[in-house]
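Numbers given in the numbering used here equal positions in the sequence shown, counted from 1, plus 8. Just so you know, even glycine gets a beta-carbon here, dropped at the ideal spot from N, CA and C. Source: prediction; values computed, not measured.
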Amino acid sequence: MATARLLGAVLAGGRSRRYGGDKSNALVGGRLLIERAIAALEQVVQDVVVVTSRQLPNGVVTRCIPDRFVDAGPLGGLHAALHTAVEYGNSGVLLLACDMPLITPEVLRAVAVAMDQGPAVAPLRDEGIEPLCAAYHIDTLQTAEDLLLGNDLSLHRFFKEVGGISIDLEALGMECGDVFFNVNEQADCIRADALLTGSP
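This is the structure in structure tokens:
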């Protein structure tokens, strides 16, 4: 599947209770988390949207789409993105949570290219798959809607239901290290800064 046929979608609608505010506006490496996610996706796909009900910070010019299911977590955000992909004529969605500042375009490109292997593709990490840095075909939209209507909000269950496959990026020769590190608390921004600069 050509990466250009995928719609890039940044998930930025979380309530960020642990962070204590809107973490999409947090700074890591001198850039907002939301800016880092958009920039990474823009190097892989042509169209990028942000799934959020909030207004984007000044200077961030990207189309925003709201959740169709309110307070439905990441699965609700993916559902909204899949709907938009259908409207745009895209074949699927390349999804990225805004709180993963170390994700590189190379990782996203590897995930996107692997879409030929199944209806959903997510990279493996030590704890299992990473469904928040993954690709989903538009054919999975109905399954997402069915689960949401049944109030089943588990993105992992959705991934299993649609027959998603995992890819081992390190087996493909990619050094992943801390690439899937995510920001949950304000102290994590300091840690992410250190990881970006290679500081101990």
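Item, Value
"Short Cβ contact (9 Å threshold) for residue 126 with residue 173", "yes"
"Straight-line gap, residue 156 to residue 80 (C-alpha atoms, nearest Å)", "7 Å"
"Contact set for residue 138: own chain, Cβ-Cβ below 6 Å, skip 5 residues either direction", "130, 131, 188"
"Three-state secondary structure assigned by DSSP to residue 105", "strand"
"Three-state class that DSSP yields for residue 13 in the structure shown", "helix"
"Completely contained alpha helix (DSSP H) runs for the region 159-196, where each covers 4 or more residues", "163-169"
"Residue 2 versus residue 50 - alpha carbon distance", "Only positions 9 to 208 of the chain appear in the structure, and residue 2 is not among them; the question remains open."
"Rounded straight-line distance, which links the Cα of residue 192 to that of residue 39", "17 Å"
"Cross-strand partners of residue 19 (DSSP beta bridge)", "59, 105"
"Beta-carbon gap between residue 42 and residue 59 smaller than 9 Å", "no"
"Collapsed DSSP secondary structure at residue 44 in the structure displayed", "helix"
"Whole-angstrom distance between residue 195 and residue 18, CA atom to CA atom", "22 Å"
"Proximity of residue 103 and residue 143 at Cβ, strictly below 9 Å", "yes"
"Selected residue, minimal CA-CA separation from residue 13, among 159, 199, 145, 176", "145"
"Residues that residue 136 bridges to, as DSSP identifies them", "133"
"Residue(s) in a DSSP beta bridge with residue 142", "103"
"Extent of the continuous alpha helix (DSSP H) run through residue 117", "113-121"
"DSSP state of residue 149 mapped onto helix, strand, coil", "helix"
"Counterpart residues of residue 71 in DSSP-defined beta bridges", "57"
"DSSP three-state assignment for residue 36, whether helix, strand or coil", "strand"
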